[in-house]
Amino acid sequence: MGQFYETFPPSLVQWLLEQKVFYIASAPLSGDGHVNVSPKGVSDKGGPFFGVIKESKSQRQLQRHVRSPDEEDRRRTAPTNDKDILIRQFWYMDLTGSGIETTSHLHEPGNGRITVMFNAFSGPPRILRIFGKGTPLEYGTPAFDEIVKSQGVTIIPGTRSIVLVDIHQVGTSCGFSMPCYEFVSFRPTLNDFFEKRVKSEREGKREDGIER
Numbered sequence: 001m002g003q004f005y006e007t008f009p010p011s012l013v014q015w016l017l018e019q020k021v022f023y024i025a026s027a028p029l030s031g032d033g034h035v036n037v038s039p040k041g042v043s044d045k046g047g048p049f050f051g052v053i054k055e056s057k058s059q060r061q062l063q064r065h066v067r068s069p070d071e072e073d074r075r076r077t078a079p080t081n082d083k084d085i086l087i088r089q090f091w092y093m094d095l096t097g098s099g100i101e102t103t104s105h106l107h108e109p110g111n112g113r114i115t116v117m118f119n120a121f122s123g124p125p126r127i128l129r130i131f132g133k134g135t136p137l138e139y140g141t142p143a144f145d146e147i148v149k150s151q152g153v154t155i156i157p158g159t160r161s162i163v164l165v166d167i168h169q170v171g172t173s174c175g176f177s178m179p180c181y182e183f184v185s186f187r188p189t190l191n192d193f194f195e196k197r198v199k200s201e202r203e204g205k206r207e208d209g210i211e212r
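Below is the structure:
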């Protein structure tokens with residue numbers, strides 16, 4: 001039934017990237033606060049909207065030992081397979097919306113707890129959860145620009161941040177009780193709204209621009 005991993009299994013990356021929706025859960029440290037759950041969809045514009053950051057196990061070994069430049073270059077260009085891949089980070093694009101609770105929880109000193117859940121709505125059943133600590137990389141900061149470049153992200157109007165999750169556990173479960181749904185289409189409403197806001201900004205109407 002259920003399985004747990006300390007890092008993200010490379011064998012599940014393709015399945016993960018095929019999903020159209022996922023859920024984010026976070027909470028304040030205080031017991032008086034409530035748990036927040038937010039659905040996250042993707043779009044046919046821009047993207048990718050979420051993903052994992054792959055490392056090479058051999059590269060980690062390389063960092064622990066002193067090697068010659070020639071040997072380092074050979075290892076950097078060597079092809080990798082699943083057995084050589086290590087995945088300790090997940091990321092997703094966060095868009096401007098009516099609330100910003102997840103970000104406020106992640107910014108709370110001593111907090112940062114976050115759970116990401118994916119569910120298979122077609123094909124073999126599966127529920128996957130990523131448990132970790134999240135860091136919002138705000139739009140326009142060097143950290144944001146770096147991950148956009150390294151992951152080949154095409155940002156879209158309304159992009160607020162990219163949330164980087166340091167994984168401490170991944171869990172999978174059967175999902176046998178989950179229904180099957182057929183994907184119909186992406187909703188264009190949010191993209192259309194932000195594109196109009198960007199157009200207003202370019203025309204000098206800052207009051208009608210995007211609030212991040």
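For the sequence shown, position 167 matches number 167 in UniProt numbering, and the numbering has no gaps at all.
Glycine residues also receive a C-beta, built at the ideal position from the N, C-alpha and C atoms.
Exposed unless 16 or more other CB atoms sit within 10 angstroms - verdict on L128:
Locating residue 128 in the sequence shown gives position 128, where the first residue counts as 1. Buried, by the Cβ-count rule.
Can we count P124 as close to the ligand GTP, meaning its CB is less than 7 Å from some heavy atom?
Summarising the ligand content, the structure contains no ligands, and the ligand GTP is consequently not present.
From residue 232 to L16, what does the alpha carbon distance come to, in whole angstroms?
With the chain represented from 1 up to 212, any question about residue 232 goes unanswered, as that position is not in the structure.
Contact the region 116-127 vs the region 168-175: 3+ CB pairs below 8 Å
Flag = yes, the region 116-127 and the region 168-175 touch.
What span of residues does the alpha helix (DSSP H) with F194 cover, start to end?
Within the sequence shown, numbered from 1, the residue matching residue 194 stands at position 194. Start and end: T189 to R202.
Validate contact between the region 149-162 and the region 185-196 using beta carbons, cut 8 Å, 3 pairs
Pairwise C-beta distances place the region 149-162 in contact with the region 185-196, as three or more of them are shorter than 8 Å.
Which residue spans inside the region 111-174 form an unbroken alpha helix (DSSP H) run of at least 4?
Qualifying alpha helix (DSSP H) stretches, in chain order: 142-150.
Checking 8 Å against the spacing of the C-beta atoms, do T115 and I100 come in under that value?
As a position in the sequence shown, residue 115 is number 115, starting the count at 1. As a position in the sequence shown, residue 100 is number 100, starting the count at 1. No, the Cβ-Cβ distance between T115 and I100 is not below 8 Å.
First through last residue of the alpha helix (DSSP H) which encompasses L17:
Reading the sequence shown from its first residue, position 17 is the one you call residue 17. Looking at the DSSP string, the run of the alpha helix (DSSP H) that includes L17 is V13 to E18.
I need the straight-line Cα distance from F8 to G204, nearest angstrom please.
Numbered from 1 along the sequence shown, position 8 holds the residue referred to as residue 8. Numbered from 1 along the sequence shown, position 204 holds the residue referred to as residue 204. F8 and G204: Cα-Cα distance of roughly 45 Å.
Where does Q57 fall in DSSP's three states?
The sequence position of residue 57 within the sequence shown is 57, counting from 1. Here residue 57 is Lys; the residue named in the question, Gln, does not match the sequence. K57: helix per DSSP, three-state reduction.
Would you kindly work out how many angstroms separate the C-alpha atoms of G2 and K57, rounded to a whole number?
Residue 2 sits at position 2 when you count from the first residue of the sequence shown. Residue 57 sits at position 57 when you count from the first residue of the sequence shown. Distance from the CA atom of G2 to the CA atom of K57, rounded to whole angstroms, is 26 Å.
Among H107, L29 and G51, which has the Cα closest to the Cα of E18?
Working through the sequence shown from its first residue, we reach residue 18 at position 18. Of the listed residues, the one whose Cα sits closest to E18 is G51.
Considering only the alpha carbon of each residue, which of G134, K20 and S98 lies closest to P109?
Indexing the sequence shown from 1 puts residue 109 at position 109. With distances taken between Cα atoms, P109 lies closest to G134.
Could you tell me the distance, in whole angstroms, from the CA atom of W91 to the CA atom of K83?
Residue numbering aside, residue 91 sits at position 91 when the sequence shown is read from its first letter. Residue numbering aside, residue 83 sits at position 83 when the sequence shown is read from its first letter. For W91 and K83, the distance between alpha carbons rounds to 22 Å.
For K20, which of R202, Y139 and Y181 has the nearest alpha-carbon?
Locating residue 20 in the sequence shown gives position 20, where the first residue counts as 1. Ranking R202, Y139 and Y181 by Cα distance to K20 puts Y181 first.
Residues that DSSP places opposite M93 in a beta bridge
Sequence index remark: in the sequence shown, residue 93 carries index 93 (1-based). I162.
Helix, strand or coil for K83, going by three-state DSSP, please let me know.
Residue 83 sits at position 83 when you count from the first residue of the sequence shown. Residue state, collapsed to three classes: helix.
For the alpha helix (DSSP H) that contains S104, what are its first and last residues?
Within the sequence shown, numbered from 1, the residue matching residue 104 stands at position 104. Start and end: E101 to H107.
Name the one or two DSSP bridge partners that K40 has.
Indexing the sequence shown from 1 puts residue 40 at position 40. Paired residue(s): F22.
I'd like to know whether the C-beta atoms of S161 and Y139 end up nearer to each other than 8 Å.
For the purposes of this step, residue 161 is identified with residue 161 of the sequence shown, where counting begins at 1. For the purposes of this step, residue 139 is identified with residue 139 of the sequence shown, where counting begins at 1. In this structure, S161 lies near Y139, with their beta-carbon atoms less than 8 Å apart.
Can you give me the C-alpha to C-alpha distance between residue 256 and L95, rounded to a whole angstrom?
Residue 256 falls outside the range modelled here, since the chain spans only 1 to 212, and no answer is possible.
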